[in-house]
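Note sheet for the following structure.
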Amino acid sequence: MRALRIARHSLRRPSELPDRELERSVEVDRGHLAAYDRVCGFRLRDELPVTYPHVLAFPLAMELLTGPFPFSPLGLVHVANRIEQARPLHADERLDLRVRAADLRAHERGTQFDVVTELADGTWREWSTYLHREKGGASRGGRSEPPAASAIWRVPKDVGRRYASVSGDSNPIHLHPLAAKALGQPGTIAHGMWTKARCLAALEGTLPGAFTVDVRFKLPLGIPGRAAFTTRDGRFEVWAGDKPHLEGAIS
Numbered sequence: 715m716r717a718l719r720i721a722r723h724s725l726r727r728p729s730e731l732p733d734r735e736l737e738r739s740v741e742v743d744r745g746h747l748a749a750y751d752r753v754c755g756f757r758l759r760d761e762l763p764v765t766y767p768h769v770l771a772f773p774l775a776m777e778l779l780t781g782p783f784p785f786s787p788l789g790l791v792h793v794a795n796r797i798e799q800a801r802p803l804h805a806d807e808r809l810d811l812r813v814r815a816a817d818l819r820a821h822e823r824g825t826q827f828d829v830v831t832e833l834a835d836g837t838w839r840e841w842s843t844y845l846h847r848e849k850g851g852a853s854r855g856g857r858s859e860p861p862a863a864s865a866i867w868r869v870p871k872d873v874g875r876r877y878a879s880v881s882g883d884s885n886p887i888h889l890h891p892l893a894a895k896a897l898g899q900p901g902t903i904a905h906g907m908w909t910k911a912r913c914l915a916a917l918e919g920t921l922p923g924a925f926t927v928d929v930r931f932k933l934p935l936g937i938p939g940r941a942a943f944t945t946r947d948g949r950f951e952v953w954a955g956d957k958p959h960l961e962g963a964i965s
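Last residue of the sequence shown: number 965 in the working numbering, and the count goes up by one each step with no gaps.
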């Protein structure tokens with residue numbers, strides 16, 4: 715795997731990111747859109763889920779991160795994701811996507827940066843924040859007591875494989891328990907962007923056409939399992955037992 719081959723180049727903290735922008739023009743495949751809707755819980759319709767351009771741009775993001783790039787993708791932790799949508803997007807549109815890395819900065823446990831994805835017309839933008847861990851320490855878990863649940867979700871054992879098939883994100887931590895443990899996880903874990911999409915699917919009937927949705931990924935969500943979803947006043951959270959997995963806000 716190319717990501718494994720470049721891992722040895724990720725040991726030193728870089729002073730800058732590559733000045734490189736990748737572009738891709740995409741027409742929506744309605745069969746792929748329907749498969750994405752089903753695995754994430756969205757209704758089947760021509761309006762695109764706000765998270766859907768993320769998977770359309772994922773090949774560009776991987777091309778960017780696999781080189782030349784100072785960090786190996788296998789050493790990165792997805793810690794946050796912010797999406798701004800200025801208007802609804804539809805399946806009959808041709809989407810001109812571009813991806814770049816930006817804002818290299820220090821973090822208490824290493825170095826972080828953003829993968830910035832946007833439509834050429836500026837109507838949809840995303841910032842995926844990744845952490846390259848260089849120091850010890852666990853993630854901060856937030857409150858010790860989970861809030862009252864609005865819903866309890868079953869996280870099926872095949873959700874990692876199904877989401878990987880529609881997103882292109884085949885990181886072994888989402889697919890195989892032994893590989894996940896070898897890479898420092900407690901077992902197979904759900905994709906963070908699946909969890910974010912699942913939250914937005916639960917809120918689908920209340921979302922405006924233009925909005926911003928910002929999430930932070932706190933701790934891994936094991937699969938199979940159960941998760942508690944709660945929402946109130948534009949904020950939402952996902953907990954697994956007494957552990958927080960995700961917190962987010964819509965504005």
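Just so you know, even glycine gets a beta-carbon here, dropped at the ideal spot from N, CA and C.
Rounded to the nearest angstrom, how far is the Cβ of residue i from that of residue j, given a contact under 8 Å?
i       : j       : result
Val-873 : His-746 : 17 Å between Cβ atoms; not a contact.
Leu-803 : Arg-823 : Not quite, the Cβ-Cβ distance comes to about 35 Å (not below 8 Å), so this is no contact.
Arg-812 : Glu-730 : Rounded, the Cβ-Cβ distance is 20 Å, inconsistent with contact.
Asp-755 : Arg-912 : Residue identity differs from the one stated: residue 755 is Gly in this sequence, not Asp. Correct: roughly 5 Å between the Cβ atoms.
Leu-867 : Arg-796 : Strictly speaking, residue 867 in this sequence is Trp, with Leu absent from that position. Incorrect: roughly 23 Å between the Cβ atoms, too far for contact.
Ile-887 : Phe-925 : In fact, because the Cβ distance is near 30 Å, the residues do not count as touching under 8 Å.
Val-929 : Gly-882 : Wrong, their Cβ atoms sit about 20 Å apart, outside the cutoff.
Leu-762 : Leu-897 : Wrong, their Cβ atoms sit about 32 Å apart, outside the cutoff.
Name, in chain order, the residues that DSSP records as bridge partners for residue i.
i       : result
Phe-740 : One detail in the question is off: residue 740 reads as Val in this sequence, not Phe. Answer is Leu-809, bridged to Val-740.
Lys-957 : Ala-954
Asp-928 : Arg-796, Ala-963
Asp-828 : Ala-816, Thr-843
Gly-936 : Ile-903
Glu-735 : Arg-814
Trp-838 : Gln-799
His-746 : Answer is none; His-746 lacks a bridge partner.
On the three-state DSSP scale, how would you describe residue i?
i       : result
Asp-751 : helix
Thr-945 : strand
Leu-892 : helix
Thr-765 : coil
Tyr-865 : It should be pointed out that residue 865 corresponds to Ala in this sequence rather than to Tyr. Here Ala-865 sits in strand by DSSP.
Glu-658 : Because residue 658 is not part of the residues shown, which for the chain are 715 to 965, the question remains open.
Leu-788 : helix
Leu-833 : strand
Glu-730 : coil
Leu-725 : Residue placement at Leu-725 cannot be trusted, given a pLDDT of 44 that sits under 50; what the coordinates show is reported in the next sentence. Coil, per DSSP.
Val-880 : helix
Gly-855 : With a pLDDT of only 48 at Gly-855, under 50, the local geometry of the prediction cannot be trusted, and no value is derived from it.
When you compare the CB positions of residue i and residue j, do they come within less than 7 Å of one another, or not?
i       : j       : result
Gly-901 : Ala-894 : yes
His-959 : Leu-917 : no
Asp-810 : Ser-739 : yes
Gly-939 : Val-869 : yes
Thr-843 : Val-793 : yes
Arg-801 : Thr-831 : no
Leu-889 : Arg-876 : no
Asp-817 : Phe-827 : yes
Ile-937 : Ala-915 : no
Val-664 : Ala-775 : In the structure as shown, the chain begins at 715 and stops at 965. Residue 664 is therefore absent and cannot be evaluated.
Pro-861 : Thr-944 : yes
Ala-863 : Ala-942 : yes
Arg-839 : Glu-735 : no
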